[in-house]
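So the protein lines, in turn, are chains U and D.
Numbering-wise, this note's numbering puts 145 at position 54 of the first sequence, and it's gapless, one number per residue.
Numbering-wise, this note's numbering puts 80 at position 99 of the second sequence, and it's gapless, one number per residue.
By construction, the Cβ of each residue, glycine as well, lies at the ideal position given by its N, Cα and C atoms.
Remarks on the structure that follows.
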Amino acid sequence: MTLDLDTRPDIILTGRAVVPGIAEGEALVTHQTISGWGGVNAMTGTIIESRHELKGQSFAGKILVFPGAKGSSGWSAVFHTARLAGKAPLAMIFNVMTTKAALGAVVMRVPSITDLDRDPLELIETGDRVQVDADNGQVRIWKRRV
Amino acid sequence: MVMLTREEQAMLDGEQGAATQKAMELLVRYADALGAERFVETNNVAGVPGSSTLWLKNYYKEDGGDYRAVFSRFDLDSDEVVDVPRMNAYSCHLQGGMDPELWVEQGMTPEAHANFVYDEGETAMHGIQILKTCTPYIAGNLPVMGEHCAWMESSAVVFCNSVIGGRTNTEGRESTSAAMLTKRIPDWGFHRDDYRFGRHEVDVRVPVEDIFDWGMLGYFVGEKVQDEIPVIHGSVTNPSLIRHKHFGAAAASSGGVEMYHMVGITPEAPSIERAFGANRPVQTFVYDAAERRRIYEVLNSVGQSTDVDYVMLGCPHYSIEQIAHAARLIEGRKVHENCALWIFTSRAVKATAEANGYTRTLRDAGALLMTDTCSAISQAVPKGTRVVAVDSAKQVHYLPAMMGIEGWYGTTEECIDAACTGKWRGRLQ
């Protein structure tokens, strides 16, 4: 899927940069918080937590949209290792700021954004085309056409 | 953008050496990510600096594949490898990957053990205290009220904030390693007064007395408040170190509780009003006999077979009081031939256990007292384990899921009984 730059995004959200940079790709959305240590296989970028709605799916190469981080203080080290293994997401969009999510985003070195003016979990669905422009504090969304 | 003092700017400019410069660069990125406006000084840092698996060392093979490479590239997230000096802050190493003596029993390879010995030598040479425990506060690092800390380990963080009144966020490996060099951490979250007030109310209407019940209440609280701050009042009685230890570890596992208030018990909650400060309680949760039963059933939902082949105690690491209790319970008995009993603690506490003869009592009964790690951290269980029994709500939350085994939660007495009979006979009294 390539982005037609002439096409105006369906939705634009404004927020605060967590990690600067610009990335675009396909969204992977969850309404459940994500655990790092014990919740993610860093070698594959796959969610492994029992009963998680994304269990078995990998965030590698996706725009990860999630409420926030939970669980062990090993969160950043697990996401950091996913970056080394080449399985990091392209960018992250999340709602609740925590030290886990902030440090994880920093060491993963992917454009990340939070404090959006509308709830990204309500507006972005898995499969939508999303551009995270943390340099300008914007998220641009092209809804998936079925 | 985070504001820097003159000294912090000097660190960023490299005046205190390349490693401190890289550490400050990372902390500035982190502070900006949080939206912190300044740093706070800390001289109490607990993390897992520089220790790494062979996978990580091999990943940095071209950078030398050693402690220096891992500390530079991974801990400081630096693109260059720098010389890593002795740490500047009072720093300690939390739990590690294996027991320094019983690693063969834990199923570790000689290669992994050699790597462990190498890392530990480097840790000591860098001035980092080898506490090797998830309970630094009973192994030589006890903060005081109001002390700014930078700690990892969720069960230690919640103990530090709630029971002691120390101040720390749940830091990560990279931020703690950087703080060991710079003595700085972002002034955000639990370092700030207004962040520490309660948000939800928990009304306890059933007696909560021993670690078994404190653990279940903690699990309930975490499930209800998630990562918000609860204010707990009612029939919680007889507070003690080990009860707080089990409560906090459970609340940090089922939810993500980093601080709790218990009215009349914890230092920042002399009254309900003081615990909530300017906040008004958003929700009230009632813990009664029915909720107690429900939590017991949730914790035991991964147990089917009553044939127990492994009993694991020491999550969080056992205190000397708990080791003495376990030794008394098992004295004159034997661990069943179809079962194993491993008890985990810190090296500091084990030294006392040896002086008191508890290690020997346990060994005579067929149990092992291990240090540094636990079955979840090291993913080490006795070979062929299918069913584990524990007295920790945190451990029954993690271990069965991680290892694909069944698990039972009960009292310490029930766990020792299971170890000696090979049968689970726990039930809710």
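A buried status is given to T172/U, since no fewer than 16 other beta-carbon atoms sit within 10 Å of its beta-carbon. A buried status is given to Q87/D, since no fewer than 16 other beta-carbon atoms sit within 10 Å of its beta-carbon. The residue among T354/D, A348/D and S53/D with its C-alpha nearest the C-alpha of A159/D is S53/D. Assignment of K315/D by DSSP, reduced to helix, strand and coil, places it in the coil class. Inter-residue distance for L57/D and T189/U is about 20 angstroms (C-alpha atoms, whole angstroms). Look at P180/U here: in three-state DSSP terms it is coil, with no helix or strand label.
With contacts defined by Cβ atoms closer than 7 angstroms, G78/D and T354/D form a contacting pair. Residues of the stretch 173 to 198 of chain U with a C-beta less than 9 angstroms from any C-beta of chain D: L175, A176, V187, M188, T189, T190, K191, A192, A193, L194, G195, A196, V197 and V198, listed in chain order. Contact between the stretch 339 to 357 of chain D and the stretch 262 to 277 of chain D is absent: fewer than three C-beta pairs spanning the two stretches fall below 8 angstroms. Between G127/U and V169/U, the gap from beta carbon to beta carbon is short of 7 angstroms. In the DSSP assignment, A27/D is bridged to C73/D and W132/D.
Shortest Cα-Cα distance from N219/D to any of A233/D, V238/D, A232/D and D194/D involves D194/D. Assigned with DSSP and collapsed to three states, Y299/D falls in strand. Secondary structure at Y41/D: coil, using DSSP grouped into helix, strand and coil. Near chain U, meaning a CB-to-CB distance below 7 angstroms, no residue of the stretch 278 to 301 of chain D qualifies.
Taking the Cα of H181/D as reference, the smallest distance to any Cα among V206/D, N96/D and G196/D is reached at V206/D. By the criterion of a C-beta distance shorter than 7 angstroms, G46/D is surrounded in its chain by K38 and N39, once the five residues flanking it on both sides are discounted. Residue contact with chain D for S141/U: present (Cβ-Cβ distance below 7 angstroms to some residue of chain D). Contact between the stretch 222 to 239 of chain D and the stretch 295 to 312 of chain D is present, with at least three C-beta pairs closer than 8 angstroms.
For the stretch 156 to 170 of chain U, the set of positions with a beta-carbon nearer than 8 angstroms to some beta-carbon of chain D reads K161, G162, S163, S164, G165, W166, S167 and A168 in chain order. Restricting attention to S216/D, R67/D, G388/D and D60/D, the CA atom closest to the CA of P30/D is found in R67/D.
Where G196/D is concerned, the enclosing alpha helix (DSSP H) starts and stops at I192 to V206. Against chain D, the beta carbon of R107/U has neighbours under 8 angstroms at G16, listed in chain order. If only complete runs of 3 or more residues are kept, the stretch 246 to 271 of chain D shows the beta strand (DSSP E) at 265 to 268, in order along the chain. The continuous stretches of beta strand (DSSP E) do not include V330/D, which lies in the alpha helix (DSSP H) extending over residues R328 to A336.
Under the DSSP definition of a beta bridge, I111/D partners with H74/D. A Cβ of chain U is located within less than 7 angstroms of the beta carbon of A382/D.
Distance from the Cα of G245/D is smallest, within the candidate group A256/D, E239/D, V51/D and G237/D, for A256/D. For a Cβ distance threshold of 9 angstroms, nothing in chain U lies close to R67/D: the least Cβ distance comes to about 23 angstroms. In this structure, A176/U lies away from P202/U, with their beta-carbon atoms at least 7 angstroms apart.
By the criterion of at least three beta-carbon pairs nearer than 8 angstroms, the stretch 14 to 22 of chain D is in contact with the stretch 159 to 173 of chain D. It is roughly 42 angstroms from the alpha-carbon of P124/D to the alpha-carbon of Q229/U. Near chain D, meaning a CB-to-CB distance below 7 angstroms, the residues of the stretch 126 to 155 of chain U are G129 and S141.
Using beta-carbon distances, E387/D does not count as an interface residue toward chain U, since no partner is under 7 angstroms. Going by C-alpha positions, A305/D is about 29 angstroms away from S72/D. Contact between the stretch 99 to 108 of chain U and the stretch 195 to 211 of chain U is established, with three or more Cβ pairs separated by less than 8 angstroms.
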